[in-house]
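Numbering (my numbering), first residue to last: -1 to 147.
Here's the structure we're looking at; comments come further down.
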């Protein structure tokens, strides 16, 4: 997605958790603790992957995308499919996406990444106008846009 920005990747943290698990310092119940809500979100809104679960190695992982943001109001915290995210990115100014991988077999779950989406990330645009228009109009253009809202 072209408005994706401020990406945080949690793969190092995941590797550390798996290393602790394989060394026996962390038990299965500590890493395989997906809530029923997360498992339902994975079933109904998740994106299947080709990657195997690192714990049970029998099931493929599913990615769940949770969205959070001030403009979302009551929709904040909901799981959305990957296909819905570009539509939301073009209608909302900014919101955060958290991607969680889930194994429906053994309940393994881990935060994979988080990033920002929204219209504010489009290059060359500020509130629907180009940067050149905004600079040429000075403060008057901004006041006019705020009055229209």
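The C-beta atom is built at its ideal place from N, Cα and C for all residues, glycine as well.
Since the structure is predicted, the reported quantities are computational estimates derived from the model, not experimental observations.
{"Check": "Is it right to say residue 35 is buried, meaning 16 or more other beta carbons lie within 10 angstroms of its own, or is it exposed?", "Outcome": "exposed"}
{"Check": "Fully enclosed by the segment 10 to 65, which alpha helix (DSSP H) runs are 4 residues long or longer?", "Outcome": "26 to 29 and 34 to 43"}
{"Check": "By alpha-carbon positions, which one of 83, 37, 43 and 52 ends up nearest to residue 16?", "Outcome": "52"}
{"Check": "Closer than 7 angstroms by C-beta to residue 4: which residues in its own chain qualify, once you throw out the five before and the five after it? Chain order, please.", "Outcome": "113 and 114"}
{"Check": "Taking residue 93 and residue 70 to be in contact with their CB atoms under 8 angstroms, please state how far apart those CB atoms are, rounded to whole angstroms.", "Outcome": "6 angstroms"}
{"Check": "Which of the three DSSP states, helix, strand or coil, is assigned to residue 83?", "Outcome": "helix"}
{"Check": "In whole angstroms, what separates the C-alpha of residue 105 from that of residue 58?", "Outcome": "12 angstroms"}
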